[in-house]
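Quick notes on the structure that follows.
Protein chains: 2
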Amino acid sequence: MSSSSRIAAQTYAQRAAKHANPAAKALLETIERKQSNLCVSVDVTDRDEFLDIIDTVGPYACLIKTHVDIIEHFDLSLIERLQELSSAHDFLIFEDRKFADIGNTVALQYSSGVHKIASWSHITNAHPVPGPSIISGLASVGKPLGRGLLLLAEMSTKGSLATGSYTEEAVNMARAHRDFVIGFIAQRRMEAVGTSTDTNNDEDFLILSPGVGLDSKGDAMGQQYRTPKEVVTESGCDVIIVGRGIYGKGGNIDVQSVQKQAERYRNEGWAAYQARIR
Amino acid sequence: MSSSSRIAAQTYAQRAAKHANPAAKALLETIERKQSNLCVSVDVTDRDEFLDIIDTVGPYACLIKTHVDIIEHFDLSLIERLQELSSAHDFLIFEDRKFADIGNTVALQYSSGVHKIASWSHITNAHPVPGPSIISGLASVGKPLGRGLLLLAEMSTKGSLATGSYTEEAVNMARAHRDFVIGFIAQRRMEAVGTSTDTNNDEDFLILSPGVGLDSKGDAMGQQYRTPKEVVTESGCDVIIVGRGIYGKGGNIDVQSVQKQAERYRNEGWAAYQARIR
Numbered sequence: 293m294s295s296s297s298r299i300a301a302q303t304y305a306q307r308a309a310k311h312a313n314p315a316a317k318a319l320l321e322t323i324e325r326k327q328s329n330l331c332v333s334v335d336v337t338d339r340d341e342f343l344d345i346i347d348t349v350g351p352y353a354c355l356i357k358t359h360v361d362i363i364e365h366f367d368l369s370l371i372e373r374l375q376e377l378s379s380a381h382d383f384l385i386f387e388d389r390k391f392a393d394i395g396n397t398v399a400l401q402y403s404s405g406v407h408k409i410a411s412w413s414h415i416t417n418a419h420p421v422p423g424p425s426i427i428s429g430l431a432s433v434g435k436p437l438g439r440g441l442l443l444l445a446e447m448s449t450k451g452s453l454a455t456g457s458y459t460e461e462a463v464n465m466a467r468a469h470r471d472f473v474i475g476f477i478a479q480r481r482m483e484a485v486g487t488s489t490d491t492n493n494d495e496d497f498l499i500l501s502p503g504v505g506l507d508s509k510g511d512a513m514g515q516q517y518r519t520p521k522e523v524v525t526e527s528g529c530d531v532i533i534v535g536r537g538i539y540g541k542g543g544n545i546d547v548q549s550v551q552k553q554a555e556r557y558r559n560e561g562w563a564a565y566q567a568r569i570r
Numbered sequence: 293m294s295s296s297s298r299i300a301a302q303t304y305a306q307r308a309a310k311h312a313n314p315a316a317k318a319l320l321e322t323i324e325r326k327q328s329n330l331c332v333s334v335d336v337t338d339r340d341e342f343l344d345i346i347d348t349v350g351p352y353a354c355l356i357k358t359h360v361d362i363i364e365h366f367d368l369s370l371i372e373r374l375q376e377l378s379s380a381h382d383f384l385i386f387e388d389r390k391f392a393d394i395g396n397t398v399a400l401q402y403s404s405g406v407h408k409i410a411s412w413s414h415i416t417n418a419h420p421v422p423g424p425s426i427i428s429g430l431a432s433v434g435k436p437l438g439r440g441l442l443l444l445a446e447m448s449t450k451g452s453l454a455t456g457s458y459t460e461e462a463v464n465m466a467r468a469h470r471d472f473v474i475g476f477i478a479q480r481r482m483e484a485v486g487t488s489t490d491t492n493n494d495e496d497f498l499i500l501s502p503g504v505g506l507d508s509k510g511d512a513m514g515q516q517y518r519t520p521k522e523v524v525t526e527s528g529c530d531v532i533i534v535g536r537g538i539y540g541k542g543g544n545i546d547v548q549s550v551q552k553q554a555e556r557y558r559n560e561g562w563a564a565y566q567a568r569i570r
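Dropping the structure here:
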């Protein structure tokens with residue numbers, strides 16, 4: 293059995309007990325406690341709608357994924373409200389910033405400016421394209437705060453350049469920084485990528501997969517969708533990321549309908565996990 | 293003579309006269325008018341210092357490169373002041389956002405949120421890693437406003453993954469979107485990359501090069517430096533991007549010293565260009 297399938301055969305609780313990074317451990321514990329591997333991606337520009345959706349889907353999600361840089365009239369009172377919802381509904385926060393600059397710049401983008409991402413986002417992510425300095429720059433800010441970083445090893449869009457040796461180098465960059473890099477945005481497990489040996493038995497990377505949908509094959513701007521069963525059972529990923537599949541196109545949300553979709557995705561994601569560890 | 297050296301042998305004025313994109317044309321005209329191919333990268337978090345540096349270096353620069361997401365207490369009054377300085381000192385604005393997400397998300401990040409980048413930044417940039425949808429997403433916002441996009445075909449950091457086939461695919465993505473993609477962040481000319489033919493004689497991509505320094509070989513976070521002569525004369529790049537080499541480590545700036553450095557880099561960059569077209 294490869295190290296990669298060994299990780300996929302373990303329960304979230306078993307993995308939580310062993311993980312050294314505080315953000316990864318907290319996420320795995322939350323998944324187990326809530327029986328939810330659902331991350332809801334809340335991509336709306338209106339702050340009231342943003343908070344309404346999170347308040348509605350929060351009970352069903354282990355993680356809320358944000359793009360705070362698209363929200364109109366952002367200020368830190370919005371973050372205070374987000375943190376209240378995080379406590380009330382027991383989810384972690386993942387600012388999907390996709391950092392992609394040199395070390396000195398990303399350290400400032402992560403810590404400073406209007407958004408002060410490091411001060412409130414348990415998990416964030418980065419593209420490996422600048423090389424290892426992006427990790428050391430972000431780690432200089434995030435590690436003392438107990439944060440975790442995901443690398444974008446693959447993307448679910450058509451024509452993505454994050455393939456082949458790019459993906460392999462991303463995984464090897466992560467291996468060299470395992471105290472801060474907790475996993476990947478990817479479509480499959482990564483433990484076997486970029487290595488021919490099977491010695492990293494304790495290597496546990498969280499795999500979060502975007503592009504998950506039950507009702508649609510894609511959108512007009514290049515996004516492509518897979519089902520929770522394909523993503524979690526067959527490809528061994530750990531967290532499904534779902535956005536518009538749950539809250540639709542935005543505007544005034546229909547609370548009951550959004551709850552129903554969130555519950556549906558949570559149930560599908562959890563059933564796919566149970567089928568995997570069986 | 294290859295198409296690539298043909299472009300490098302032309303004057304900025306000749307290229308301005310032929311360029312179809314309004315932002316590229318304006319930049320080439322500004323370079324010629326001010327005899328400056330210097331872009332100053334202003335990477336400070338304090339808004340007063342940000343404006344002071346720009347007011348000081350503005351007369352010597354064709355372009356000011358910003359990271360508005362690192363500035364504390366940002367609001368649109370800062371942008372109004374930046375636009376006043378842009379008019380007074382005759383430079384264009386380049387928000388170095390390094391967009392790197394799917395089409396739908398980058399369209400919102402470019403147009404919306406606190407920063408509203410598309411409303412004031414003549415030029416911005418993006419990583420090609422998500423595939424062509426990132427260009428169409430940004431073009432849906434920027435093209436109607438006459439904006440221009442640079443792709444990051446290469447990076448100057450150690451261990452960058454933007455090499456080889458990644459760079460080639462970036463150039464081919466740009467070729468397919470020449471109405472909006474005006475050039476590259478790169479270390480050399482790109483017209484010959486990814487093509488074996490010499491038929492694209494009218495292909496004019498602007499090449500903007502970071503990592504330019506006269507006094508230092510690099511920093512502790514993976515940035516590496518080259519001289520204006522190496523970048524402009526030898527590698528055929530069009531614009532040198534200089535940051536801390538001009539204004540130092542920040543804090544209260546010494547206006548005369550910063551002016552002197554800005555003038556020095558402008559003169560070196562222009563001499564390197566004149567040596568190239570001679």
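Those protein sequence lines, which keep their order, are chains B and F.
Mapping of the first sequence onto this note's numbering: position 17 corresponds to residue 309, and the numbering continues sequentially without gaps.
Mapping of the second sequence onto this note's numbering: position 44 corresponds to residue 336, and the numbering continues sequentially without gaps.
Even for Gly, the Cβ is constructed at its ideal location relative to N, Cα and C.
Put residue i into one of helix, strand or coil per three-state DSSP.
i, result
"Phe497 (chain B)", "coil"
"Arg470 (chain F)", "coil"
"Asp340 (chain F)", "helix"
"Gln551 (chain B)", "helix"
"Gly475 (chain B)", "strand"
"Gly486 (chain F)", "coil"
"Lys357 (chain B)", "strand"
"Gln327 (chain B)", "coil"
"Ile299 (chain B)", "helix"
"Lys390 (chain F)", "strand"
"Thr525 (chain F)", "helix"
"Ile415 (chain B)", "strand"
"Arg600 (chain F)", "There is no way to answer for residue 600 (chain F), as the model of chain F reaches only from 293 to 570."
"Leu377 (chain F)", "helix"
"Arg307 (chain B)", "helix"
"Ser294 (chain B)", "Legend: pLDDT at Ser294 (chain B) = 44, less than 50; position of this residue unreliable, value from coordinates given subsequently. Three-state result, Ser294 (chain B): coil."
"Val457 (chain F)", "The amino acid at residue 457 (chain F) is misidentified as Val; the sequence shows Ser. Ser457 (chain F): helix per DSSP, three-state reduction."
Give me the Cα-Cα distance between residue i and residue j, rounded to the nearest whole angstrom.
i, j, result
"Lys450 (chain B)", "Val531 (chain B)", "21 Å"
"Pro314 (chain B)", "Leu441 (chain B)", "11 Å"
"Gly350 (chain F)", "Ile474 (chain F)", "23 Å"
"Gly537 (chain F)", "Val334 (chain F)", "11 Å"
"Ile463 (chain F)", "Gln306 (chain B)", "Here the sequence assigns Val to residue 463 (chain F), which means Ile is not the residue at that position. Val463 (chain F) and Gln306 (chain B): Cα-Cα distance of roughly 46 Å."
"Leu437 (chain B)", "Ser411 (chain B)", "8 Å"
"Ile499 (chain B)", "Glu522 (chain F)", "43 Å"
"Ser423 (chain B)", "Ala316 (chain F)", "In the sequence as presented, Ser is not what sits at residue 423 (chain B); that position holds Gly. Answer to the nearest angstrom: the Cα atoms are 29 Å apart."
"Met293 (chain B)", "Arg570 (chain B)", "For Met293 (chain B), the predicted structure reports a pLDDT of 39, less than 50, and the residue's modelled location is therefore unreliable. A value from the coordinates is still provided. Rounded to whole angstroms, Met293 (chain B) to Arg570 (chain B) spans 15 Å at the Cα level."
"Gln401 (chain B)", "Gln553 (chain B)", "34 Å"
"Ser432 (chain B)", "Val398 (chain B)", "10 Å"
"Asp546 (chain F)", "Asp340 (chain B)", "45 Å"
"Arg325 (chain F)", "Tyr565 (chain F)", "14 Å"
"Asp338 (chain F)", "Asp393 (chain F)", "28 Å"
"His469 (chain B)", "Ser428 (chain B)", "8 Å"
"Leu443 (chain B)", "Tyr304 (chain F)", "40 Å"
"Leu506 (chain F)", "Lys541 (chain F)", "16 Å"
"Ile409 (chain F)", "Val360 (chain F)", "9 Å"
"Thr455 (chain B)", "Ala445 (chain B)", "8 Å"
"Gln548 (chain B)", "Phe342 (chain F)", "48 Å"
"Asp344 (chain F)", "Arg558 (chain F)", "19 Å"
"Thr459 (chain F)", "Glu461 (chain B)", "16 Å"
"Ser527 (chain B)", "Tyr539 (chain F)", "50 Å"
"Ala312 (chain F)", "Ile371 (chain F)", "27 Å"
Residue j and residue i - do their beta-carbons sit closer together than 8 Å?
i, j, result
"Phe386 (chain B)", "Ser403 (chain B)", "no"
"Ile477 (chain B)", "Arg439 (chain B)", "no"
"Gly395 (chain F)", "Ser425 (chain F)", "yes"
"Val332 (chain B)", "Ile363 (chain B)", "no"
"Phe366 (chain F)", "Val406 (chain B)", "yes"
"Ala300 (chain F)", "Arg556 (chain F)", "no"
So does residue i have its beta carbon nearer than 7 Å to some heavy atom of the ligand HEM?
i, result
"Val463 (chain B)", "Absent from the structure shown: the ligand HEM. Ligands present: none."
Can you name the residues of chain F whose CB is closer than 9 Å to the CB of residue i?
i, result
"Thr358 (chain B)", "Simply none; closest approach about 11 Å."
Please look up how many angstroms separate the CB atoms of residue i and residue j, rounded, as I've assumed it's under 8 Å.
i, j, result
"Leu330 (chain B)", "Val534 (chain B)", "7 Å"
"Phe472 (chain F)", "Gly434 (chain F)", "6 Å"
"Pro520 (chain F)", "Ser448 (chain F)", "The Cβ separation is near 14 Å, so there is no contact."
"Tyr352 (chain B)", "Ser378 (chain B)", "Rounded, the Cβ-Cβ distance is 14 Å, inconsistent with contact."
"Val504 (chain B)", "Arg481 (chain B)", "Incorrect: roughly 16 Å between the Cβ atoms, too far for contact."
"His419 (chain B)", "His381 (chain F)", "In fact, because the Cβ distance is near 34 Å, the residues do not count as touching under 8 Å."
Under 7 Å Cβ-Cβ, which residues of chain B neighbour residue i?
i, result
"Phe472 (chain F)", "Chain B residues near Phe472 (chain F): none, gap ~15 Å exceeds 7 Å."
"Glu364 (chain F)", "Ser404 and Gly405"
"Ala454 (chain F)", "Val421"
Report the neighbours of residue i on chain F: residues whose CB is nearer than 7 Å to its CB, in chain order.
i, result
"Glu324 (chain B)", "Residues of chain F passing the Cβ test: none, with the nearest at roughly 30 Å."
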